[in-house]
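In our numbering, the protein residues as written are 5 to 190.
Please read the structure below before turning to the comments.
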């Protein structure tokens, strides 16, 4: 007879994730949702748990830039929708995320060092190197984005992109007609 650890918390199967649906390659979820304890990308056993704060703002808000950058900032902060998503990554994907963060930190440190060198040496060469580092940092951020991104906010549902195929199979599928039912025409 095996009794195990009497101090260990009870181990229940993963609870059903209510209100999370799949439409095409997107997870539709309400605000502040926790995903199952599986790797977000490959559905393997998790190595580390993360919580990522996500923001969404209507693309029309960026037209405020034509008025003034301060107006854009105020409208952005007032109209943005925020959510926090808890997810897990396996050891391999956690390492990729860690390497991405270290690479971006290296680019940022390089920019700062080049700007300091520009001021100290009174030369324009470090300024060009800082600009090149900034461009490389932006390109790297576009090529290797964060694991999750918000693509749309509609009917109190965040449309999240970035989950792997195995994770998407865990949730019920929903069609476009079910997401946005047509209003009765008169």
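From the three backbone atoms N, C-alpha and C, an ideal C-beta is built for every residue, glycine too.
Euclidean distance between Cα positions of residue i and residue j
i           : j           : result
residue 118 : residue 162 : 40 Å
residue 171 : residue 39  : 9 Å
residue 107 : residue 141 : 9 Å
residue 180 : residue 126 : 59 Å
residue 138 : residue 113 : 10 Å
residue 187 : residue 70  : Here residue 187 scores only 44 on pLDDT, less than 50, and its place in the model should not be relied on; the value that follows carries that caveat. Cα-Cα distance, rounded: 35 Å.
residue 26  : residue 133 : 44 Å
residue 23  : residue 29  : 16 Å
Nearest-angstrom Cβ-Cβ length linking residue i and residue j, presumed shorter than 8 Å
i           : j          : result
residue 68  : residue 61 : The pair is not a contact, with the Cβ atoms about 10 Å apart (cut-off 8 Å).
residue 157 : residue 31 : No, residue 157 and residue 31 are not in contact; Cβ-Cβ is about 13 Å, not under 8 Å.
Closest Cα partner of residue i within the set the options
i           : options         : result
residue 111 : 99, 92, 136     : 136
residue 104 : 148, 78, 176    : 148
residue 86  : 59, 94, 127     : 59
residue 52  : 100, 128, 145   : 100
residue 178 : 33, 97, 128, 72 : 33
Same chain, Cβ closer than 6 Å to residue i, five either side skipped, listed in chain order
i          : result
residue 88 : 36, 55, 57
According to DSSP, residues forming a beta bridge with residue i
i          : result
residue 47 : According to DSSP, which records beta bridges pairwise, residue 47 is partnered with nothing at all.
residue 88 : 57
Spatial neighbours of residue i in its chain, beta-carbon cut-off 8 Å, leaving aside the 5 residues before and after
i           : result
residue 152 : 44, 56, 58, 89, 91, 164, 165, 166, 167
residue 83  : 61, 62, 65
Proximal residues to residue i (C-beta, below 7 Å), its chain only, five neighbours per side dropped
i          : result
residue 50 : 41, 42, 43, 92, 93, 94
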